[in-house]
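A short worksheet on the structure shown next.
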Amino acid sequence: MFSVPPFRYSSLPSGISGLLGRTNPERTMRARIGEVFNCTGQKGTYDYDFGSTTRLAIERTGGRAGRIGRPSVRLLVRNDPLPWTCGTCDKPATLVCCAHETESSPFVCAAHKKAHPCSDAMFLPVINSPRMGICGYAG
Ligand SMILES: [Zn+2]
Ligand SMILES: [Zn+2]
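Just so you know, we're using the numbering used here here: the sequence shown kicks off at 748 and counts up by one.
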């Protein structure tokens, strides 16, 4: 589900119509992106996975005029991975501990994995995603 005021977009809209003559704020996720974001600076939120929800802040930072041709979906930008470091030695981390995800040093490098008190089952790989370390997500 995502929300870009004044509307919420859901894969399963409730179908409840607006109250007292107001416009129904709920729309289907099948909406076209150009209808959801119609001006630069518009902001919203995207909630991924209701079991262990990750909320992302989304914003239209610009637009492109003209035809893009085929294919219709293209990757225009991508973030650089964040440099997560081992809590023991400050070298690049390769694993994150799910049991210590809220503590200051959930990251370990290969050399310091054995020094970490948790079992192998608690580790997930370091990946370039806001879902890293959550709910068995491995990229
Ligand atoms: Zn280390
Ligand atoms: Zn741990």
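For glycine and all other residues, C-beta sits at the position ideal for the given N, C-alpha and C.
Per-residue burial, residue i [other beta carbons within 10 Å of its own, 16 or more giving buried]
i, result
"residue 834", "buried"
"residue 870", "buried"
"residue 842", "buried"
"residue 750", "buried"
"residue 844", "buried"
"residue 856", "buried"
Contact set for residue i: own chain, Cβ-Cβ below 7 Å, skip 5 residues either direction
i, result
"residue 808", "787"
Range covered by the alpha helix (DSSP H) that runs through residue i
i, result
"residue 780", "780 to 783"
Boundaries (first-last residue) of the beta strand (DSSP E) holding residue i
i, result
"residue 864", "Element bounds for residue 864: n/a, residue is neither H nor E."
"residue 757", "754 to 757"
Residues near residue i in its chain [Cβ-Cβ closer than 6 Å; skip 5 each side]
i, result
"residue 815", "none"
"residue 831", "840, 854 and 873"
Residues of its chain near residue i, where Cβ-Cβ distance is below 8 Å and the 5 sequence neighbours each way are ignored
i, result
"residue 829", "875"
"residue 775", "756, 757, 758 and 760"
For residue i, the three-state DSSP class (helix, strand or coil)
i, result
"residue 845", "helix"
"residue 885", "coil"
"residue 804", "strand"
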